[in-house]
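Residue 20 in full-length UniProt numbering is what sits at position 20 of the sequence shown, and the numbering runs on without skipping anything. Glycine residues also receive a C-beta, built at the ideal position from the N, C-alpha and C atoms. In what follows, a single structure is set out as structure tokens and then discussed.
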Amino acid sequence: MVDEHRQRLTRNMDILTHGLEQIAQDYARHITLAEEDPETFGAGHYVLYPHGRTDLRFAIEERYIDTDWSDPDRLPASWSWKAQTRHQRSDGSHPWVTTDHGVVPSNAVHQLLGYAQKWAATVRATKLREGFFTHMRPGTRRDKPPHLEGPGLS
Numbered sequence: 001m002v003d004e005h006r007q008r009l010t011r012n013m014d015i016l017t018h019g020l021e022q023i024a025q026d027y028a029r030h031i032t033l034a035e036e037d038p039e040t041f042g043a044g045h046y047v048l049y050p051h052g053r054t055d056l057r058f059a060i061e062e063r064y065i066d067t068d069w070s071d072p073d074r075l076p077a078s079w080s081w082k083a084q085t086r087h088q089r090s091d092g093s094h095p096w097v098t099t100d101h102g103v104v105p106s107n108a109v110h111q112l113l114g115y116a117q118k119w120a121a122t123v124r125a126t127k128l129r130e131g132f133f134t135h136m137r138p139g140t141r142r143d144k145p146p147h148l149e150g151p152g153l154s
């Protein structure tokens with residue numbers, strides 16, 4: 001029974017790892033996947049960051065039962081996740097603020113991957129929208145009507 005439980009946790013951990021790698025590959029033009037250590041310096045064990053921006057992230061942290069991060073044989077029984085953004089305070093600091101969060105049990109790993117994929121898709125849509133308006137700003141040639149010639153069109 002214990003071996004079966006460990007196998008299930010291991011399988012779900014592998015599903016998460018490969019799923020996040022696939023999301024990073026699918027959205028490679030827009031996001032980066034980083035592995036960090038939340039105990040020392042990182043936002044989570046897995047963190048998605050948008051390219052060219054330092055004000056957004058999606059972090060996933062492993063959660064354990066009856067052990068902690070120092071156990072080399074640990075397997076997560078669940079994961080906590082959080083979407084964060086930086087907000088400027090009046091003192092000039094830019095702390096991380098959590099905009100959405102949750103906890104997902106190991107057997108719901110596909111739900112967690114869905115949250116990560118949705119976040120990545122939102123980043124992509126935002127970057128594409130920003131790129132569109134950058135290319136279409138007033139004063140550029142693209143906002144002028146085309147010059148048409150022909151009978152009665154001059």
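Asked: Coarse secondary structure for L75, derived from DSSP in three states; Found: coil
Asked: Neighbourhood of L20 by C-beta, 8 Å cutoff - its chain only, sequence neighbours within 5 removed; Found: L33, Y46, L48, I60, L113 and A116
Asked: Cα-Cα separation, T54 to V2; Found: 42 Å
Asked: Limits of the unbroken alpha helix (DSSP H) element including R6; Found: V2 to D26
Asked: Exposure label - P72; buried when at least 16 CB within 10 Å; Found: exposed
Asked: Contact check, V104 vs W81, beta carbons under 8 Å; Found: yes
Asked: 8 Å Cβ cutoff met for V123 and I31; Found: yes
Asked: Nearest neighbour of R63, chosen from G44, R57, P50 and G52 [CA to CA]; Found: G44
Asked: Rounded C-alpha distance that separates L9 from F58; Found: 22 Å
Asked: N-terminal and C-terminal residue of the beta strand (DSSP E) that E35 is part of; Found: I31 to E35
Asked: Neighbour-count burial assignment, I65, 16 or more Cβ in a 10 Å radius; Found: exposed
Asked: Residue burial classification, A83 (beta-carbon count within 10 angstroms, cutoff 16); Found: buried
Asked: Whole-number beta carbon distance between E39 and W69, since they are thought to touch under 8 Å; Found: 5 Å
Asked: Check whether R6 and L56 have beta carbons under 8 Å apart; Found: no
Asked: Beta strand (DSSP E) segment containing T98, residue limits; Found: W96 to P105
Asked: Limits of the beta strand (DSSP E) - the one that R57 falls within; Found: L56 to R63
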